[in-house]
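Residue numbers (the working numbering), protein chains in the order written: chain A, 18 to 182; chain B, -3 to 192.
Glycine is no exception: its CB is placed at the ideal position from the N, C-alpha and C atoms.
Following: one structure in structure tokens, then a few remarks.
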Amino acid sequence: MFGSQSSLVMYDEEYQQIVDLAEKLLREANSKAVFLVDRNGQLMAATGETEHLDTTSLASLTAGNIAATGGLAKLIGEKEFSILFHEGEKDNIHISIVADRVILVVIFDHRSSLGLVRLRVKKASDALGDLFEELARKSSTVGTRGGPKNPFAEITDDDIDNLFR
Amino acid sequence: MSFINYASREINCKIVYYGPGLCGKTTNLQTIYGRTAPESRGKMISLATETERTLFFDFLPLALGDIRGFKTRFHLYTVPGQVFYDASRKLILKGVDGVVFVADCQEERLDANIESMENLKDNLEEHGYQLENLPFVIQYNKVDLPNLSPMEELQSFLNPRSVPEFKACALTGEGVFETLKAVAKLILVELKKGAG
């Protein structure tokens, strides 16, 4: 699922488990919002006070941020920086990489602290890591016998043309 | 790398506009933004210098419509064109589903076009992609200007494989949507093939 040229796939069952874990982290870290973003900039899940946030832009910029700091890390001989922290006047952003694959973003204010967020993120990362492992295994079976069906298998040229009318 | 989300019934794909500095990549996105219904587009983000040269990328999310109950969304990115921003260019190609090469048709930019095309191939290879295997279209931009390279010359240098190509004037909008539609269609056809 995370290799080049193959699709990243999210299923209802895993999505619900991911949202549950994100909500648990949201509560335990006393944070405002929690996001999961894939490294290419696609938003995978969002929970908390997200209604006034442009979540699509947030996902894209987060991935760009991780990619840029990853480039910086390589320049000084590091593999990557696994945690980024941005401090604002009111709100702060804690960004970390889960299981080498997915970016976990926590937004919090004075009701929480960097220490608490770091602690809870670490705990949540293990559980999320296991889940993404499972998701990767499952999506590698897409389209194979016994695996889930790819929605694109049955689309016709007309379906595609209709999009552009 | 497309993202198929069964939970929200969405398919997200990434298109990158590539090309030499000042060829009109950002203008393409601005034109698309300006002519798309507000409900079909997200916010356009430009990470640019004070002189409006793209520093990192421009980003524009677009929703095209439904296919078999799945919302199709395209994330459009541009890269910085100036030669010395190669590190940023490389990063943005990660996970790309389709590429638009925007060529600047002015005679004096022929070298820059060829250099940028070579750079595109090199940077794709570093991610393990081959341009030949990716949905790819070429746009010949600025055809309204007087000092153009002959079309045959541009084609022989930039498009030896005869991928879909479009003449355009990104400022007025000519050819902009034709280019976008062509690459989006190639991506969807590719996804269909992959599903078979």
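Suppose you measure from the CA of residue i to the CA of residue j; what does that come to, to the nearest Å?
i, j, result
"ASP55/A", "ALA141/A", "17 Å"
"ALA153/A", "LYS86/B", "25 Å"
"ALA63/A", "ASP140/B", "45 Å"
"TYR28/A", "GLY65/B", "15 Å"
"GLY105/A", "GLY88/A", "24 Å"
"PRO146/B", "LEU56/B", "32 Å"
"ASP54/B", "GLY38/B", "12 Å"
"LYS188/B", "ASP178/A", "13 Å"
"ILE124/A", "ASP176/A", "40 Å"
"ALA90/A", "LYS96/A", "6 Å"
"THR168/B", "ASN119/B", "31 Å"
"ARG135/A", "GLY15/B", "41 Å"
"ASP24/A", "SER(-2)/B", "It is Ser, not Asp, that sits at residue 24/A in the sequence shown. Roughly 5 Å separates the two Cα atoms."
"ILE172/A", "VAL179/B", "18 Å"
"MET113/B", "PHE98/A", "32 Å"
"VAL115/A", "GLY171/B", "42 Å"
"ILE120/A", "ILE110/A", "12 Å"
"GLY65/A", "TYR136/B", "46 Å"
"VAL133/B", "LEU89/B", "15 Å"
"GLU103/B", "ILE110/B", "12 Å"
Please list the partners that residue i has in chain B, where partner means a Cβ-to-Cβ separation under 9 Å.
i, result
"LEU94/A", "In the sequence under discussion, the amino acid at residue 94/A is Gly, which differs from the Leu named in the question. Those do not exist, as GLY94/A stays about 16 Å from chain B at its closest Cβ, beyond 9 Å."
"ASP29/A", "TYR2 and ALA3"
"GLY65/A", "Result: empty, since nearest Cβ-Cβ is about 17 Å, beyond 9 Å."
Along chain A, which residues have their Cβ under 9 Å away from the Cβ of residue i?
i, result
"ARG64/B", "PRO168, PHE169, GLU171, ILE172 and ASP176"
"GLY20/B", "Residues of chain A passing the Cβ test: none, with the nearest at roughly 22 Å."
"LYS39/B", "ASP71, THR73 and SER74"
"GLY91/B", "SER21, LEU25, ASP55, ARG56, ASN57, GLY58, GLN59 and ALA80"
"LEU116/B", "Ordered by position in chain A, no residue passes the 9 Å Cβ test against LEU116/B, which lies about 16 Å from the chain."
Assign residue i to one of three DSSP states: helix, strand, or coil.
i, result
"LYS67/B", "strand"
"GLU48/B", "coil"
"TYR136/B", "strand"
"LYS107/A", "coil"
"LYS10/B", "strand"
"ALA116/A", "coil"
"LYS181/B", "helix"
"GLN102/B", "strand"
"ALA166/B", "coil"
"LEU89/B", "coil"
"ALA153/A", "helix"
"PRO146/B", "coil"
"PHE153/B", "helix"
"GLU40/A", "helix"
"ASP175/A", "helix"
"PRO168/A", "helix"
"PHE125/A", "strand"
Use the C-beta contact count for residue i: other C-beta atoms within 10 angstroms, 16 or more gives buried, fewer gives exposed.
i, result
"GLN26/B", "buried"
"PHE149/A", "buried"
"HIS69/A", "exposed"
"MET61/A", "buried"
"GLY58/A", "buried"
"ASP100/B", "buried"
"PRO142/B", "exposed"
"THR23/B", "buried"
"ILE183/B", "buried"
"PHE80/B", "exposed"
"ASP93/B", "buried"
"ARG128/A", "exposed"
"LEU116/B", "buried"
"THR73/A", "buried"
"HIS103/A", "exposed"
"LYS107/A", "exposed"
"SER84/B", "buried"
Residues of chain A with CB under 7 Å from residue i, in chain order?
i, result
"GLY94/B", "Residues of chain A passing the Cβ test: none, with the nearest at roughly 12 Å."
"GLY61/B", "LEU180"
"PRO57/B", "THR73"
"LEU25/B", "Under the 7 Å cutoff, chain A gives no residues; its nearest Cβ is about 13 Å from LEU25/B."
Does any C-beta atom of chain C lie closer than 8 Å to the C-beta of residue i?
i, result
"TYR2/B", "Among the protein chains of the structure shown, namely A and B, there is no chain C."
So with CB distances below 8 Å, who are the chain A contacts of residue i?
i, result
"PHE194/B", "Chain B is shown from -3 up to 192; residue 194/B falls before or after that span and cannot be answered."
State yes or no: is the C-beta of residue i nearer than 7 Å to some heavy atom of the ligand FMN?
i, result
"PHE70/B", "The ligand FMN is not part of this structure, which contains no ligands at all."
Please compile the residues from chain B whose C-beta is within a distance smaller than 7 Å of the C-beta of residue i.
i, result
"GLN59/A", "PHE(-1) and ASN8"
"LEU117/A", "The residue asked about is misnamed: residue 117/A is Asp in this sequence, not Leu. Under the 7 Å cutoff, chain B gives no residues; its nearest Cβ is about 14 Å from ASP117/A."
"GLY88/A", "ALA83 and LEU87"
"SER157/A", "Under the 7 Å cutoff, chain B gives no residues; its nearest Cβ is about 13 Å from SER157/A."
"SER113/A", "Under the 7 Å cutoff, chain B gives no residues; its nearest Cβ is about 19 Å from SER113/A."
"SER99/A", "In chain order: nothing, as chain B lies at least about 17 Å away."
The stretch 166 to 188 of chain B: positions lying closer than 7 Å to chain A by Cβ: LYS177, LYS181, LEU184, VAL185, LEU187 and LYS188
The stretch 120 to 132 of chain B: positions lying closer than 9 Å to chain A by Cβ: HIS123, GLY124, TYR125, ASN129 and LEU130
Residues within the stretch 124 to 152 of chain A neighbouring chain B, beta-carbon criterion of under 8 Å: none
Contact residues within the stretch 67 to 85 of chain B, judged by C-beta distance below 7 Å to chain A: Of all residues in the stretch 67 to 85 of chain B, only THR68, HIS71 and ALA83 place a beta-carbon less than 7 Å from a beta-carbon of chain A.
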